[in-house]
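In our numbering, the protein residues as written are 319 to 1050.
Every residue, glycine too, gets a C-beta built ideally from N, C-alpha and C.
Okay, so here's the structure we're looking at.
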């Protein structure tokens, strides 16, 4: 059988493909390919916004904007992929070529996350960030082209492998295909955040984004190889022309023709598409009218996707300020996204087999458009929940100094209590080997500080927009040191730790994983980052050692003070005091579950129903056109996010969440009115009417042609008879 043979007319077994349990063996390669590709895409996307923030050092707004620009491109390129496949290369070649582009993009992302490439001073931070930014942007562009381009091809290519005698198997294939999408998404959003949380590097150990991107790259290469291996078994239909191009040409001609006949002297048409009748078939025009009717309903839909796709950006960033300790499990911020596919796999069967039948039994006409309206409401509720969680988080966040302010804390390194007098504050007593509880805020750049009784007064110059700690020595006449403290939460939920040495000798501090180095007398160490859990610090001075342990949460900062009275031994840790500079995250990640539940329930009612509605209302040959329109609404929704993130500049994140919720509610009201006036149609019935009319016209034309031929033959015969008579007369 040739490649361009009609799959509907082919033999029971296609080509060299064998059947296994009634299924073409070739579809197993397609299913494995889809699983690996979805693992690759969702695994990379799960850690993407954190890569922007913590590796490329972008702020939240820029990271969110680039993330949503990438997602938008992923949903714009399917249109290009469909046109290339249907009009030029065919599905098979399109999948192969764009998968190669896709794999190159994933490899470029993995390379962009290797910090050692440009870390010439080996301090763990890339020195040439331009290289990493350019590599990552090129990688994302190639991935968007690849994943979007093959999106409309793979499922359709799988469906092509079945014949008419395999309708049941075809339906099962699409169910398994959808399961592979969610299975790949679920596994990847569990695994890649774990890989990201590991530490790797040649010269210095940092969070392993290169591994988190490298594994998806490897899976994409596996997907490509698996798909190529099955090449000899596939049915490969030749491109037959793209209906989307025909639709665009017909619409363009109608608009152009209507503009030409805009004068009042021309009679009005019932529908503006009727202006294309002089060039295009009436059936095609009727089909386009049906499509335009549904596309008009799509106008408000992007706002739903504006909210929905923030799971991977704003909500992930929100989780970085939360406590991920679930007892036996420590959940990474980007792993919370796994709640979505888990709930999808749970809610879809519950909705179909329980909720919808119950609503129907109650006598309610829960139409597809009404379901979609409820889905929008649920998404708005999800963002109200997110705003409430954010308000709770904000109450636990420290207040850092503004551009015109400075903040200072005091640490008494002596063995006696001292009295402190600061401008604008009441005098207070500071115990020995203790730090003041809170940072004090000052508007003045230079303040006068009086310590002790009799007081020793010195002017202290503070740095604007900074936090500092004043180290008070035992002998007040000695130098007073100012430390530079953190002015933001430690990144990625880590804990920033430093030590102050109040002893008269140098000490070395180390952990099993790192060495904090030597700390001189009356001096302090730099901050070191530690993950949550128990950490044991070993303090050494000569041959003497002291072990000090501490359990850390997420996102805290501590200053540990080693007093001059420390005696090395088993109980030495009791002498070490801790100053909590930044409190650990206290709002638990479990509070995000309600917002994930509502957004997923909204997705099930909106997205799944919307696809079903689009399919049922689309003409038989234009379902791909509506699919492209549906994907286009996702792209527009992501563009709205980056517009709001870049232009609105709302200072409070909870206020931005409420803004999005209100916008969706407003759009929901508009959509409900549009849905109320929408009339459901049966495209097959309308098409049948036109085909019947065409058949009747064709029959009439055929009859007229036969009558005309009969008349012509009759005339010819008459002429022939007349000629014969004249002939006879002449001969006579």
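Taking residue i as the reference, which of the options has the closest Cα?
i: residue 385; options: 610, 689, 578 and 627; result: 627
i: residue 496; options: 624, 376, 518 and 662; result: 662
i: residue 685; options: 907, 995 and 500; result: 995
i: residue 930; options: 948, 917, 915 and 913; result: 948
i: residue 819; options: 751, 782, 509 and 476; result: 751
i: residue 562; options: 981, 945, 934 and 573; result: 945
i: residue 839; options: 902, 940 and 821; result: 821
i: residue 476; options: 530, 427 and 410; result: 410
i: residue 594; options: 568, 586 and 606; result: 568
i: residue 623; options: 698, 675 and 605; result: 698
i: residue 816; options: 878, 898 and 715; result: 878
i: residue 549; options: 618, 479, 570 and 616; result: 479
i: residue 591; options: 571, 531 and 629; result: 571
i: residue 481; options: 337, 472 and 637; result: 337
Would you call residue i buried or exposed, if buried means 16 or more other Cβ atoms sit within 10 Å of its Cβ?
i: residue 1052; result: This structure cannot speak to residue 1052, because the chain is shown only from 319 to 1050.
i: residue 870; result: buried
i: residue 406; result: exposed
i: residue 447; result: exposed
i: residue 322; result: Low confidence applies here, because residue 322 scores a pLDDT of 39, under 50, leaving its location unreliable; read the following figure in that light. Per the 10 Å Cβ criterion, exposed.
i: residue 964; result: exposed
i: residue 614; result: exposed
i: residue 823; result: exposed
i: residue 720; result: exposed
i: residue 578; result: exposed
i: residue 1048; result: Because the pLDDT of residue 1048 is 41, which lies under 50, any placement of that residue in the model is unreliable, and the number read from its coordinates should be weighed accordingly. Result: exposed.
i: residue 708; result: buried
i: residue 427; result: buried
i: residue 932; result: buried
i: residue 848; result: buried
i: residue 984; result: exposed
i: residue 647; result: exposed
i: residue 543; result: exposed
i: residue 605; result: buried
i: residue 807; result: buried
i: residue 832; result: exposed
i: residue 362; result: buried
i: residue 671; result: exposed
i: residue 812; result: buried
i: residue 580; result: exposed
So, under 8 angstroms CB-CB, residue i and residue j are touching, yes? Tell me the CB distance rounded to an integer number of Å.
i: residue 955; j: residue 621; result: 7 angstroms
i: residue 645; j: residue 907; result: That pair is no contact at about 12 angstroms.
i: residue 825; j: residue 858; result: 7 angstroms
i: residue 284; j: residue 875; result: Lying outside 319 to 1050, the shown extent of the chain, residue 284 is not represented and no answer is given.
i: residue 845; j: residue 800; result: The Cβ separation is near 15 angstroms, so there is no contact.
i: residue 711; j: residue 639; result: 5 angstroms
i: residue 349; j: residue 547; result: Actually they are not in contact, since the Cβ atoms of residue 349 and residue 547 sit about 13 angstroms apart, beyond 8 angstroms.
i: residue 462; j: residue 395; result: 6 angstroms
i: residue 608; j: residue 935; result: 7 angstroms
i: residue 882; j: residue 733; result: 6 angstroms
i: residue 703; j: residue 862; result: Wrong, their Cβ atoms sit about 54 angstroms apart, outside the cutoff.
i: residue 867; j: residue 854; result: 5 angstroms
i: residue 528; j: residue 431; result: 4 angstroms
i: residue 810; j: residue 458; result: Not really, about 21 angstroms apart at Cβ, beyond 8 angstroms.
i: residue 422; j: residue 460; result: 6 angstroms
i: residue 364; j: residue 465; result: At roughly 14 angstroms, the Cβ-Cβ gap does not stay under 8 angstroms, so residue 364 and residue 465 are not in contact.
Sequence ranges, beta strand (DSSP E) only - wholly within the segment 947-986, length at least 3: none
Cβ contact check for the segment 435-447 and the segment 519-532: 3 or more pairs under 8 angstroms: yes
At least 3 beta-carbon pairs within less than 8 angstroms: the segment 714-727 vs the segment 773-792: yes
Any 3 or more C-beta pairs closer than 8 angstroms across the segment 758-769 and the segment 732-742: yes
Cβ contact check for the segment 525-540 and the segment 389-406: 3 or more pairs under 8 angstroms: no
Ordered list of alpha helix (DSSP H) runs contained in the segment 537-621, each at least 4 residues: 561-578 and 600-616
Length-filtered (3 minimum) beta strand (DSSP E) runs lying within the segment 776-812: 785-790 and 799-803
Alpha helix (DSSP H) runs contained entirely in the segment 823-881, provided each spans 4 or more residues: none
Contact between the segment 536-555 and the segment 376-383 (3+ Cβ pairs under 8 angstroms): no
The segment 980-998 / the segment 653-671 touching (three or more Cβ pairs under 8 angstroms): no
Given 8 angstroms, three or more beta-carbon pairs between the segment 361-373 and the segment 336-352: no
Inter-stretch contact at 8 angstroms, needing at least 3 Cβ pairs: the segment 968-982 / the segment 404-419: no
contact_flag[the segment 495-515, the segment 410-425] where n(CB pairs < 8 angstroms) is 3 or more: no
At least three beta-carbon pairs within less than 8 angstroms, the segment 666-682 to the segment 895-903: no
Stretch-stretch touch, CB-based, cutoff 8 angstroms, three pairs: the segment 913-928 with the segment 352-368: no
Within the segment 698-752, ranges of the alpha helix (DSSP H) (whole runs, at least 4 residues): none
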